[in-house]
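Please read the structure below before turning to the comments.
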Ligand code: AMP
Ligand code: MN
Ligand code: MN
Ligand code: MN
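Numbering (this note's numbering), first residue to last: 1100 to 1391.
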């Protein structure tokens, strides 16, 4: 039996986390995590390093990704758990996502220039940082340049949807993203379902679209949801025949309020995603015992 907690949503500095993939695994081992998925935004670049480190640390590793999608003009995040990172359709999608991200950060910096901020040097700072470019990188550059007091202010004033430097990336439709995850052998999980600004009715329509496209699980317990949503999301998941996932959405030890692996228990009412789907590709050792 794999001991330790389960955390199926984390980031490394291959996207907008602050730890290297190996550093993330070391932190997970220290935190007592027994099963971990690395789910960087729109990239699988960290999976190999994390998987090797996890094997050495005796942590069951689930290769993952967090893909950006759009549904009714909103950005929706879908986790792909247990994906084959070499799958051709996924590789093509990730190349396109990276190009979208590069174009978007350039356009956001151009907008910052237009309002009198040094867009060119902010862009250079983002490009010099490790990882696929995200708004988190631009928020860090704005903070480092002394233009805002911190990332929160950067999002509030400039980068959040509706603010002056926000640019829509043109993410692919939700259905295409789910299809791609399924095609890569993965289990599609709707990330932090309570975080989207949707009415209860619209949230059900989102979950209907997600399920019809081949989605399998809801992230019922999430560092990004708040624990108070778990029971309601479990009930919703059961109604749609979905399983339940748990993940911190860890981005680094700096966000002390959101540690690795310290999550509320998945409600007993819903089948855990790790019983309903095959998530690891390794046999033997700790990975095998991941399937009770
Ligand atoms: P992107 O995928 O490039 O649009 O960046 C989204 C990332 O920005 C999220 O995954 C969060 O890590 C981060 N983020 C979003 N909103 C905020 C916020 N208000 N404050 C700090 N970080 C945020
Ligand atoms: Mn992020
Ligand atoms: Mn997310
Ligand atoms: Mn995330």
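We put the CB at the ideal spot given by N, CA and C, even for glycine.
Original post:
residue 1138: which of 1131, 1128, 1119 and 1366 sits nearest, CA to CA?
Top reply: Your numbering for residue 1138 matches position 39 in the chain shown. If we check each option's Cα against that of residue 1138, 1119 comes out closest.
Original post:
Rounded to a whole number of angstroms, what is the C-alpha to C-alpha distance between residue 1196 and residue 1172?
Top reply: As a first step, residue 1196 is located in the chain shown; it is residue number 97 there, counting from the start. As a first step, residue 1172 is located in the chain shown; it is residue number 73 there, counting from the start. Approximately 17 Å, taken between the alpha carbons.
**OP:** Answer yes or no: the CB of residue 1219 versus the heavy atoms of ligand 4, is any distance below 8 Å?
**Re:** One-based indexing of the chain shown puts residue 1219 at position 120. No, since every heavy atom of ligand 4 falls outside the 8 Å radius drawn around the Cβ of residue 1219.
**OP:** Put residue 1270 into one of helix, strand or coil per three-state DSSP.
**Re:** Mapped onto the chain shown, residue 1270 falls at position 171. Under the three-state reduction of DSSP, residue 1270 is assigned to coil, being neither helix nor strand.
Original post:
If you compare alpha carbons, which of 1103, 1205, 1178 and 1108 is closest to residue 1346?
Top reply: On the chain shown, position 247 is the one that residue 1346 refers to. Checked all of 1103, 1205, 1178 and 1108; the closest Cα to residue 1346 is 1108.
Original post:
Does DSSP put residue 1211 in a helix, in a strand, or in coil?
Top reply: Working through the chain shown from its first residue, we reach residue 1211 at position 112. Reduced to three states, the DSSP call for residue 1211 is helix.
**OP:** Just grab the DSSP bridge partners of residue 1106 for me.
**Re:** The sequence position of residue 1106 within the chain shown is 7, counting from 1. Paired residue(s): 1135.
**OP:** Hey, could you find the ends of the alpha helix (DSSP H) residue 1239 is sitting in?
**Re:** On the chain shown, residue 1239 is found 140 positions in, with the first residue counted as 1. Here the alpha helix (DSSP H) through residue 1239 covers 1234–1243.
Original post:
Out of 1266, 1211 and 1267, which has the shortest C-alpha to C-alpha gap to residue 1247?
Top reply: On the chain shown, residue 1247 is found 148 positions in, with the first residue counted as 1. Closest option to residue 1247, Cα to Cα, is 1211.
Original post:
Leaving out the 5 sequence neighbours to the left and right, which residues in its chain are closer than 6 Å to residue 1236 when beta-carbon positions are compared?
Top reply: Taking the chain shown and counting its residues from 1, one reaches residue 1236 at position 137. Taken in chain order, the residues that qualify are 1225 and 1228.
Original post:
Mapping DSSP to helix, strand and coil, what is residue 1162?
Top reply: The residue you call residue 1162 lines up with position 63 of the chain shown. It is a strand residue.
Original post:
Apart from the five residues just before and just after residue 1386, which ones in its own chain have a Cβ nearer than 6 Å to its Cβ?
Top reply: Stepping through the chain shown from its first residue, residue 1386 is reached at position 287. Bear in mind that a pLDDT of 40 at residue 1386, under 50, signals an unreliable position, so the model cannot answer this.
Original post:
Would you say residue 1332 and residue 1319 are within 9 Å of each other, going by their C-beta atoms?
Top reply: Walking along the chain shown from the start, residue 1332 turns up at place 233. Walking along the chain shown from the start, residue 1319 turns up at place 220. In contact: residue 1332 and residue 1319 (Cβ atoms closer than 9 Å).
Original post:
Cβ of residue 1350 versus every heavy atom of ligand 1: is any distance shorter than 8 Å?
Top reply: On the chain shown, residue 1350 is found 251 positions in, with the first residue counted as 1. True, at least one ligand heavy atom lies under 8 Å from that Cβ.
**OP:** With a threshold of 8 Å, establish whether the CB of residue 1115 neighbours any heavy atom of ligand 2.
**Re:** To locate residue 1115, count along the chain shown from 1; it is residue 16. Yes.
**OP:** Specify whether the region 1309–1317 and the region 1338–1356 touch according to this definition: at least 3 beta carbon pairs, one from each stretch, less than 8 Å apart.
**Re:** yes
**OP:** Give a single yes or no on whether residue 1167 has its beta carbon closer than 8 Å to a heavy atom of ligand 1.
**Re:** Along the chain shown, read from residue 1 onward, the residue named residue 1167 stands at position 68. Within the cutoff, so yes.
Subject >> Pick from 1308, 1312 and 1291 that is closest to residue 1324, judged by C-alpha positions >> reply: The count along the chain shown starts at 1 and reaches residue 1324 at position 225. The candidate whose alpha carbon is nearest that of residue 1324 is 1291.
Original post:
CA-CA distance, residue 1328 and residue 1293?
Top reply: Along the chain shown, read from residue 1 onward, the residue named residue 1328 stands at position 229. Along the chain shown, read from residue 1 onward, the residue named residue 1293 stands at position 194. When rounded, the distance between both Cα atoms is 7 Å.
**OP:** Answer yes or no: do residue 1299 and residue 1174 have a C-beta to C-beta separation smaller than 9 Å?
**Re:** Taking the chain shown and counting its residues from 1, one reaches residue 1299 at position 200. Taking the chain shown and counting its residues from 1, one reaches residue 1174 at position 75. Against a cut-off of 9 Å, the Cβ pair of residue 1174 and residue 1299 comes out as no contact.
**OP:** Run the proximity test for residue 1176: is its beta-carbon closer than 8 Å to any non-hydrogen atom belonging to ligand 4?
**Re:** For the purposes of this step, residue 1176 is identified with residue 77 of the chain shown, where counting begins at 1. Yes, Cβ of residue 1176 sits closer than 8 Å to a heavy atom of ligand 4.
**OP:** Within 10 angstroms of the Cβ of residue 1262, are there 16 or more other Cβ atoms? Answer buried if so, exposed if not.
**Re:** Numbered from its first residue, the chain shown carries residue 1262 at position 163. Looking at its Cβ environment, which holds fewer than 16 other Cβ atoms inside 10 Å, residue 1262 is exposed.
**OP:** Kindly indicate which residue of 1280, 1351 and 1369 has the alpha-carbon position closest to the one of residue 1176.
**Re:** Along the chain shown, read from residue 1 onward, the residue named residue 1176 stands at position 77. For the residues 1280, 1351 and 1369, the minimum Cα distance to residue 1176 belongs to 1280.
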